[in-house]
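Engineer: Pasting in a structure now, in structure tokens, and then I'll have a few things to ask.
In mature numbering (1 follows the signal peptide of the UniProt record, and there is no 0), the protein residues as written are -32 to -1, 1 to 278.
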């Protein structure tokens, strides 16, 4: 009887050990899989092509542009345009859908009264017609007397056209991104004040390294404040000097530290790869900056992102 009990206890103990080992192996395998599957914001699938419409010596049309993005493995486009491109707005959207490319954003340059601009009305109508939920990246300028105003007056004056655009965007389920491009409006601290003044849920910020020449030293201070509102971050190389020079990624001496700050932050949104000031051919420019980004990622040891480029 004692022998039977001892044998039974031994079997129970053995089963418990085997079960424990199995659970341990499963946990290790799950952890390893999670590490392997961990996504990086710098992965190819998270890249937005930007500044490839007017900055393209080949002047590709909507179909050629979409084919190029498919070839490069880029699945998102932020669409910048000039007056001559207005007649092809609808074709652009149709070709992007056909090629499974997301229209991540639609650029717009606003004056003081966007309500009187037929191009803004056209953008809203085209997006409404095709049921495209996207972001409108807007620049604002041309407000008379801005330099003579107090800071509070400046915020209110610029907030007026921003509020109009945000409301129109909200009507069709879109967001509005405040886009830095120099001047008072391009300062991140001022954009944050506009955001706080309006308190509209569909307003965010789009930050550009290629317009950050005056921001390099302050970047570690203000970038964390942008993150809760940041819709997109567009990268470029920056070479320090007087003036600072915009160069391809990994050919400057400032972007490595800035990208490292981004990598170690809580930012989880998309990353823009630009062609402006890089190469006359949009495809060459995108490839040059993607190769430069890979060089940065190698320095930062971002294996998760690097796997996406193989």
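All C-beta atoms, glycine included, are put in the ideal place defined by N, C-alpha and C.
When you compare each of 278, 113, 47 to residue 76 by their alpha carbons, which one comes out closest?
Structural biologist: 47
Engineer: What's the C-alpha gap between residue 63 and residue 192?
Structural biologist: Cα-Cα distance, rounded: 37 Å.
Engineer: Does the stretch 67 to 85 come within contact of the stretch 256 to 276, defined as at least 3 CB pairs closer than 8 Å?
Structural biologist: no
Engineer: Can you give me the start and stop residues for the alpha helix (DSSP H) that residue 143 sits inside?
Structural biologist: Note, residue 143: premise wrong, no alpha helix (DSSP H); beta strand (DSSP E) at 143 to 147.
Engineer: Could you work out which residue in 60, 271, 257, 251 is closest to residue 36 when comparing CA atoms only?
Structural biologist: Residue nearest to residue 36 within the set 60, 271, 257, 251 is 251 (criterion: CA-CA distance).
Engineer: With DSSP as the reference, label residue 235 as helix, strand or coil.
Structural biologist: coil
Engineer: Here's the rule I'm using: 16 or more other beta-carbon atoms within 10 Å means buried, otherwise exposed. How should residue 238 be labelled?
Structural biologist: buried
Engineer: To the nearest angstrom, how far is it from the Cα of residue 59 to the Cα of residue 178?
Structural biologist: Whole-angstrom Cα-Cα distance: 29 Å.
Engineer: Using the beta-carbon count (16 or more within 10 Å), is residue 82 buried or exposed?
Structural biologist: buried
Engineer: Within this structure, are the beta carbons of residue 229 and residue 260 separated by less than 8 Å?
Structural biologist: With contacts defined by Cβ atoms closer than 8 Å, residue 229 and residue 260 do not form a contacting pair.
Engineer: Suppose only complete runs of 4+ residues qualify. What are the alpha helix (DSSP H) ranges in the stretch 48 to 109, listed by chain order?
Structural biologist: Look at the stretch 48 to 109 and you find these whole runs of alpha helix (DSSP H), each 4 residues long or longer: 57 to 66, 86 to 97.
Engineer: Would you decide whether residue 270 is buried or exposed? Buried here means 16 or more other CB atoms lie within 10 Å of its CB.
Structural biologist: buried
Engineer: Quick check: what's the CA-CA separation for residue 126 versus residue 276?
Structural biologist: 41 Å
Engineer: Return yes when the Cβ of residue 136 is within less than 8 Å of the Cβ of residue 92, no when it is not.
Structural biologist: yes
Engineer: Closest to residue 25 by C-alpha separation, out of 102, 244, 272, would be which residue?
Structural biologist: 244
Engineer: For residue 226, which residues in the same chain have their Cβ closer than 6 Å to its Cβ, ignoring the five residues on either side in sequence?
Structural biologist: 187
Engineer: Could you name the residues that DSSP lists as bridge partners for residue 172?
Structural biologist: 145
Engineer: What does the alpha-carbon distance come out to for the pair residue 54 and residue 224?
Structural biologist: For residue 54 and residue 224, the distance between alpha carbons rounds to 37 Å.
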